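First up is the structure itself, then whatever we jot down about it.
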Amino acid sequence: MHCYDRHGRKYWFLCRRIVVEGDDSSYYYTTKLQFQELMEVLEGNDLEYDLCRALEDMKEEVVRQMDITEKLTNSAKGNKKSYLDVENATLAKIQSERAIRKAKKKKKKTTT
1 MHCYDRHGRK YWFLCRRIVV EGDDSSYYYT TKLQFQELME VLEGNDLEYD
51 LCRALEDMKE EVVRQMDITE KLTNSAKGNK KSYLDVENAT LAKIQSERAI
101 RKAKKKKKKT TT
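Take 1 as the starting number for the sequence shown in full-length UniProt numbering and just add one per residue.
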C-alpha cells in the first residue's frame, strides 16, 4: 500500500509500522493508539479519501502487527518506561481532551 496525504507525503505499511515519507523528513506510527490518532486527523471525507480507505481496508492487519510490536516492547523493557508508553500516554490525553471538546460543542448545539 502506498497513498498520499494532502501535503504530498507518501504512506507505506512496512515492518509493523505506517511509514510516512515527506520531502524533508520521514517518520512512522508504531502503536495502535498512534494509528487511531492518525485516522482521527486525516480528512477521510475529502482530501485524503483514498488514503483513509486504504488504511481502513488494512486496519485489521495493521492493528494485529502493531499489537505484536507493543507486546515485544513490553516484554523487553522490564520495569522501565518505554518511548511507546510515553507516546501513548500523551496521545491518550490528547484524545481525551478532544472528546471533551466535542461533547461540549455537541451539548452547546443542542441547547441553542
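C-beta: ideal position from N, C-alpha, C; glycine also. Note that this is a predicted model, so its numbers are computed, not measured.
Using a Cβ-Cβ cut-off of 8 angstroms (strictly less than) and excluding sequence neighbours within five positions of residue i, which residues of its own chain qualify?
i          : result
residue 26 : 19 and 20
residue 73 : 82 and 84
What is the rounded straight-line gap between the Cα of residue i and the Cα of residue j?
i           : j           : result
residue 81  : residue 71  : 14 angstroms
residue 39  : residue 78  : 31 angstroms
residue 35  : residue 45  : 18 angstroms
residue 10  : residue 111 : 43 angstroms
residue 50  : residue 104 : 31 angstroms
residue 108 : residue 98  : 15 angstroms
residue 88  : residue 7   : 25 angstroms
residue 23  : residue 41  : 20 angstroms
residue 75  : residue 86  : 16 angstroms
residue 52  : residue 102 : 21 angstroms
If the criterion is Cβ atoms closer than 9 angstroms, does the pair residue i and residue j meet it?
i           : j          : result
residue 90  : residue 30 : no
residue 47  : residue 3  : no
residue 106 : residue 66 : no
residue 94  : residue 43 : no
Quick one: residues in its chain with C-beta nearer than 6 angstroms to the C-beta of residue i, no 5 flanking neighbours on either side, listed in chain order?
i           : result
residue 100 : none
residue 17  : 28 and 30
Might you give, ordered along the chain, the residues of its own chain that have their beta carbon closer than 7 angstroms to the beta carbon of residue i, omitting 5 neighbours on each side?
i          : result
residue 92 : 33
If we require 3 or more residues per run, which beta strand (DSSP E) segments fall completely within the stretch 22-60? 26-29
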